[in-house]
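Chemist:
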Amino acid sequence: MADSSARQTIVFDFDQTIFAGDIGFEITHSRILRSPWRCALSLLLLPIYAPLFLHARSLRWGIGIAYWLSTVAARNDDQQVFFAVHGAALRERLFPQALATLSEAQAQDTVVVIATGAMPDLVRALLQPVLKSMPEVIGSKTRRFCGGLALAQHCHRSEKLRMLEEAGFPPPYAIVYSDSLADTPLFAASQRVVLVNANDTQANTLQQRLGRAIERVTWSRPSESAGQA
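Whatever position you read off the sequence shown (first residue = 1), add 52 for my numbering.
Below is the structure:
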């Protein structure tokens, strides 16, 4: 268990906050598409698990089924192969401003944590080549089930806050960076709230929920920054 009691803690979300996308979706989608029998099984089960993505309470079950479909009977080196093939292209979708902010926070006398709905090993594999030192990563947990991996804990909404506390990173937090209103419990436990790439409606909704002012930042991919210049 980590000991962050003596220093302030800064928390970053990952998907759509540091990375322009959903890393869990990327590897799940890739695994299913390159396997004809996984594609067939996914289509067969689609009417069962697709509706689960429509509601917050059932989201973890939809994600869990899709992830299990992508990992059942998978080779042990499947993840390494995925990042060897797609890693460079995926890293082009990291927000440079997010990486700079994270690195600056690491250089201060603070504890830096990435708290994400993705699996921690996916985040580490993506960030390892671009960071001087890897921050602590708290994410969803899996368990073995019927020849694949099933979701055991989904690091999302209030569960994300609970998992942070369980890992030794209790609130209050100095700063929380996230793009998602699903992180409202995390924002509420933070001294500074930084909403990433949000529209006015999202920002106003969050301010109403928290009853206080928030900060907003816009982070973009290198290709997007070049296009706007």
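Where a beta carbon is used, it is the ideal one built from N, C-alpha and C, also for glycine.
#1: In angstroms with no decimal places, state the Cα-to-Cα distance between residue 132 and residue 156.
#2: May I ask you to report which of helix, strand or coil DSSP gives residue 263?
#3: What is the DSSP secondary structure of residue 241, counted as helix, strand or coil?
#4: What residue range is occupied by the uninterrupted alpha helix (DSSP H) comprising residue 194?
#5: Roughly how many angstroms separate the alpha carbons of residue 92 and residue 264, rounded to a whole number?
#6: Which class does residue 75 belong to by DSSP, given the choice of helix, strand or coil?
#7: Sort 135, 226, 88, 243 by Cα distance to residue 78 and report the nearest one.
#8: Span of the alpha helix (DSSP H) holding residue 135?
#9: Please confirm whether residue 203 and residue 115 have their CB atoms less than 8 Å apart.
#10: From 260, 174, 158, pick the residue whose C-alpha is nearest to that of residue 184; which is it?
#11: Using DSSP's beta-bridge definition, name the partner residues of residue 87.
#12: Which value, in whole angstroms, describes the spacing of the CA atoms of residue 119 and residue 128?
#13: Use the C-beta contact count for residue 125: other C-beta atoms within 10 angstroms, 16 or more gives buried, fewer gives exposed.
#14: Could you check if residue 107 is buried or exposed, using at least 16 other CB atoms within 10 Å of its CB as the buried criterion?
#15: Rounding to the nearest angstrom, what Cα-Cα distance links residue 210 and residue 242 in this structure?
#16: Can you find the residues in the same chain that come closer than 7 Å, C-beta to C-beta, to residue 197, ignoring five residues on each side of it along the sequence?
#17: Counting Cβ pairs, one atom from each stretch, are 3 or more of them under 8 Å apart for the region 223 to 239 and the region 66 to 74?
#18: Buried or exposed for residue 64, please, with buried defined as at least 16 other CB atoms from any protein chain shown within 10 angstroms of its CB.
#19: I'd like to check one pair, residue 273 with residue 105: are the Cβ atoms closer than 8 Å?
#20: With respect to the alpha helix (DSSP H) encompassing residue 157, which residues constitute its N-terminal and C-terminal limits?
Modeler: According to the data block:
#1: 29 Å
#2: coil
#3: coil
#4: No alpha helix (DSSP H) holds residue 194; the beta strand (DSSP E) holding it covers 193 to 197.
#5: 49 Å
#6: helix
#7: 135
#8: 130 to 143
#9: yes
#10: 158
#11: Per DSSP, none; premise fails for residue 87.
#12: 15 Å
#13: exposed
#14: exposed
#15: 14 Å
#16: 120
#17: yes
#18: buried
#19: no
#20: 148 to 159
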